[in-house]
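Undergrad: In my numbering, the protein residues as written are 584 to 774.
(1) Over the uninterrupted alpha helix (DSSP H) stretch that includes residue 628, give me the two end residues.
(2) Take residue 718 and list the residues in its own chain whose beta-carbon comes closer than 6 Å to its own, dropping the five residues that flank it on each side.
(3) Pull up the distance between the alpha-carbon of residue 680 and that of residue 626, whole angstroms please.
(4) Go ahead and pull the three-state DSSP assignment for residue 688.
(5) Is it the case that the stretch 653 to 660 contacts the stretch 700 to 710, given that we only count it when at least three CB pairs across the two stretches are under 8 Å?
(6) What are the boundary residues of the beta strand (DSSP E) that includes residue 752?
(7) Scan the stretch 697 to 745 and note each continuous beta strand (DSSP E) run of 3 residues or more that stays entirely inside, going in chain order.
(8) Mark residue 612 as exposed unless 16 or more other C-beta atoms lie within 10 angstroms of its C-beta, in which case mark it buried.
(9) Excluding sequence positions up to five away, which residues of its chain have a Cβ less than 8 Å from the Cβ of residue 640?
(10) Cutting at 6 Å between CB atoms, please list the residues of its own chain near residue 533, excluding the five before and the five after it.
(11) Just tell me which of 606, 610, 732 and 763 has its CA closest to the CA of residue 634.
(12) At the level of alpha carbons, what is the spacing between residue 747 and residue 642?
(13) For residue 588, collect the residues of the same chain with a Cβ closer than 7 Å to its Cβ; drop the 5 residues on either side in sequence, then sort them by chain order.
(14) By the three-class DSSP mapping on this structure, what secondary structure does residue 605 have?
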């Protein structure tokens with residue numbers, strides 16, 4: 584008599600495996616209006632923002648934004664920031680609507696973000712910035728003086744250079760292009 588064993592797969596169901604996520608990636612260099620755009624159009628979404636986490640960690644340790652980025656990558660404060668960022672990603676999986684408030688400048692950056700949400704619907708908003716680079720650098724400098732959030736000019740120039748246009752071939756079901764920086768600068772000049 585042959586001993587027949589039932590070969591059953593693990594039936595454990597994880598909530599993130601059946602929640603359909605609607606994930607929005609906003610694509611633009613620093614100071615091009617990502618956070619402004621998100622606050623105006625997508626405040627109903629769970630927001631993943633490295634800047635917000637860096638701000639919280641800096642506040643906790645009495646560091647400026649610039650001092651944080653001068654720390655060695657393996658410094659405990661930088662590691663704590665990465666831990667909080669990973670926790671933010673984990674928390675985002677409990678929400679149906681998610682938006683990534685990071686630069687998301689390259690196909691590789693976007694693929695990494697998308698890899699956290701199997702079977703999700705992906706949307707991208709590409710904020711136009713070409714032709715506005717000088718204004719972005721000036722705005723960044725002014726913001727740095729006002730807030731201490733200084734992004735060196737060479738870092739911004741590298742962002743401009745690294746940018747790869749978004750394509751539906753990357754897995755996006757919806758792709759929107761808009762210009763926010765022109766409105767920010769117009770409002771600033773009107774003030």
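Glycine residues also receive a C-beta, built at the ideal position from the N, C-alpha and C atoms.
TA: Taking the geometry as given:
(1) As a first step, residue 628 is located in the chain shown; it is residue number 45 there, counting from the start. Here residue 628 belongs to no alpha helix (DSSP H), and DSSP marks it neither H nor E.
(2) Taking the chain shown and counting its residues from 1, one reaches residue 718 at position 135. Answer for residue 718: 768, listed in chain order.
(3) Start at 1 with the first residue of the chain shown, and residue 680 comes out as number 97. Start at 1 with the first residue of the chain shown, and residue 626 comes out as number 43. Using only the alpha carbons, I get a separation of about 10 Å.
(4) Residue numbering aside, residue 688 sits at position 105 when the chain shown is read from its first letter. Three-state DSSP puts residue 688 in coil, outside helix and strand.
(5) No: fewer than three Cβ pairs fall under 8 Å.
(6) Mapped onto the chain shown, residue 752 falls at position 169. Unbroken run through residue 752: none, as it is neither H nor E.
(7) 704 to 710
(8) In the chain shown, residue 612 corresponds to position 29, counting from 1. Label assigned to residue 612: buried.
(9) What you label residue 640 is simply residue 57 of the chain shown in a count that begins at 1. Answer for residue 640: 646, 651, 660, 663, 664 and 667, listed in chain order.
(10) Nothing can be reported for residue 533, as the shown portion of the chain is limited to 584 through 774.
(11) In the chain shown, counting from the first residue as 1, residue 634 sits at position 51. It is 732.
(12) For the purposes of this step, residue 747 is identified with residue 164 of the chain shown, where counting begins at 1. For the purposes of this step, residue 642 is identified with residue 59 of the chain shown, where counting begins at 1. Their backbone Cα atoms lie some 33 Å apart in a straight line.
(13) As a first step, residue 588 is located in the chain shown; it is residue number 5 there, counting from the start. With a pLDDT of 42 at residue 588, under the threshold of 50, the predicted position of this residue should be treated as unreliable, and no value is reported.
(14) In the chain shown, residue 605 corresponds to position 22, counting from 1. Three-state DSSP puts residue 605 in a strand.
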